[in-house]
DNA sequence: TATTGTTATACTCTATAACTATA
DNA sequence: TATAGTTATAGAGTATAACAATA
């Protein structure tokens, strides 16, 4: 508690707050890391007229999986009502198309147009660069460790098992 | 591509989207992990009348560091104008107090009240439980690894070095 | 002239409820 | 009756610009 009067200039060096309980909090660190990362990603996507949200939807539309809007909502942890304007935006730009499912006329599956596929490829490359930049404090091995740990946190065991089974069934 | 018509029931198992490029994206995983974590944290904080944002400010006020509003903004990656209503909210509940700095009358440092200290201790415990729950797919060692990797990503090398120097100067 | 805290404003994100059309 | 997509709405988060007081 010997915080002498001398070390309190105008800015006071906000970094001294790094020595706080909060700075040791995993959730705080994750929030801050994500804020930095998504700012970089959004900046990289701006030149393509995309944001993280719309890019995520476009990317999923470009996998040949033909997801329904409900699936997109579940997977992106969004409410179904939030998906609607995101798809509207992409559809207005002719990047994706809602295709009614004749077997269940309630369903609309999302498919990418050729234009959408092309833009997605370019955007994916820009996102990869932005991610690499955001992780430049980490070695390649550390980045991979981070990815696998986040994978475990982001999905329940049931979800991970289910995804693995689906993958095995396809191959 | 042998996605037979049989495996497409109503819900279509959104987990099949886990086999997508997006699901391998670190930023997407971080966003999803954080969404799950902050939902849990906000739920845990609700009984104390706090949210992640206000808890973060209260927590920093309870460290005896007497941060200025500008420091809080820098550290929490918020605009100074966003800090104002957060402190207003805490001050209205008598949890913190803005104290003018007589040496520079532009500055207002944030100090916690006794009531604030007490609430913070209880809230910190609830947040720790919520975090443990969010990370329950990880071993203790993995959690610690995740924390140290996020630490490196969340702060620049300069910030980490600066914080270390300040810590050493105090001891 | 620069900085701190503040007000104002707008846009995005998040969450909820209710409606429609299909099943 | 249950589900998919949609509309509407409100609150929280994010970002910017401009202002008064002070340095």
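Protein chains in written order, with our numbering: chain Y, 478 to 648; chain W, 478 to 648.
We put the beta carbon where it would ideally sit given N, CA and C, even for glycine.
The structure presented is a predicted model; accordingly, all values stated were derived computationally and were not measured.
Buried/exposed call for residue i, threshold 16 Cβ in 10 Å
i: residue 581 of chain Y; result: exposed
i: residue 544 of chain W; result: buried
i: residue 551 of chain Y; result: buried
i: residue 511 of chain Y; result: buried
i: residue 447 of chain W; result: The first residue shown for chain W is 478 and the last is 648, placing residue 447 of chain W beyond what the model contains.
i: residue 597 of chain Y; result: buried
i: residue 531 of chain Y; result: buried
i: residue 493 of chain W; result: buried
i: residue 642 of chain W; result: exposed
i: residue 647 of chain W; result: exposed
i: residue 572 of chain Y; result: buried
i: residue 515 of chain Y; result: buried
i: residue 524 of chain Y; result: exposed
i: residue 654 of chain W; result: Chain W is shown only over 478 to 648; residue 654 of chain W falls outside these bounds and no answer can be derived.
i: residue 635 of chain W; result: exposed
i: residue 640 of chain W; result: buried
i: residue 583 of chain Y; result: exposed
i: residue 586 of chain Y; result: buried
i: residue 482 of chain W; result: Here residue 482 of chain W scores only 34 on pLDDT, less than 50, and its place in the model is too uncertain to base an answer on.
i: residue 546 of chain W; result: buried
i: residue 561 of chain Y; result: exposed
i: residue 616 of chain W; result: exposed
i: residue 526 of chain Y; result: exposed
i: residue 499 of chain Y; result: buried
i: residue 491 of chain W; result: buried
i: residue 591 of chain W; result: exposed
Chain Y contact residues for residue i, given Cβ-Cβ distances below 7 Å
i: residue 496 of chain W; result: 640, 643 and 644
i: residue 548 of chain W; result: 489, 491 and 494
Listed by chain order, chain Y residues near residue i by CB distance under 9 Å
i: residue 514 of chain W; result: 503, 504, 507, 508 and 630
i: residue 518 of chain W; result: 504
i: residue 608 of chain W; result: 502, 503 and 504
i: residue 577 of chain W; result: Chain Y residues near residue 577 of chain W: none, gap ~14 Å exceeds 9 Å.
Integer Cβ distance of residue i from residue j, believed to fall under 8 Å
i: residue 624 of chain Y; j: residue 503 of chain W; result: 5 Å
i: residue 529 of chain Y; j: residue 518 of chain Y; result: 5 Å
i: residue 622 of chain Y; j: residue 626 of chain W; result: 7 Å
i: residue 589 of chain W; j: residue 538 of chain W; result: 4 Å
i: residue 563 of chain Y; j: residue 497 of chain W; result: The pair is not a contact, with the Cβ atoms about 16 Å apart (cut-off 8 Å).
i: residue 651 of chain Y; j: residue 604 of chain Y; result: A question about residue 651 of chain Y goes unanswered here, because the residues of chain Y that appear run from 478 up to 648.
i: residue 489 of chain W; j: residue 554 of chain Y; result: No, residue 489 of chain W and residue 554 of chain Y are not in contact; Cβ-Cβ is about 17 Å, not under 8 Å.
i: residue 507 of chain Y; j: residue 507 of chain W; result: 6 Å
i: residue 495 of chain Y; j: residue 632 of chain W; result: 7 Å
i: residue 602 of chain W; j: residue 612 of chain W; result: Incorrect: roughly 16 Å between the Cβ atoms, too far for contact.
Residues that residue i contacts on chain W, provided the C-beta gap is smaller than 9 Å
i: residue 602 of chain Y; result: Within 9 Å Cβ-Cβ: nothing; residue 602 of chain Y doesn't reach chain W, min ~12 Å.
i: residue 634 of chain Y; result: 614
i: residue 611 of chain Y; result: 503, 504 and 630
Chain-ordered chain W contacts of residue i [CB-CB under 7 Å]
i: residue 540 of chain Y; result: 497 and 498
i: residue 528 of chain Y; result: Per Cβ cutoff of 7 Å: no residues; residue 528 of chain Y is ~12 Å from chain W at best.
i: residue 622 of chain Y; result: 622 and 626
i: residue 619 of chain Y; result: 626
i: residue 552 of chain Y; result: 491 and 494
Interface residues of chain W facing residue i [CB-CB closer than 8 Å]
i: residue 511 of chain Y; result: 504, 507, 508 and 511
i: residue 533 of chain Y; result: 499 and 505
Contact set between residue i and chain Y, taken where Cβ atoms lie within less than 8 Å
i: residue 545 of chain W; result: 489
i: residue 537 of chain W; result: 494, 497 and 499
Against chain Y: residues of the stretch 557–574 of chain W by CB proximity under 7 Å | none
Complete alpha helix (DSSP H) runs within the stretch 507–583 of chain Y (minimum length 4 residues, chain order) = 529–538, 546–552 and 557–569
Of the residues that make up the stretch 585–599 of chain W, which ones have a beta carbon closer than 7 Å to any beta carbon in chain Y?
-> none
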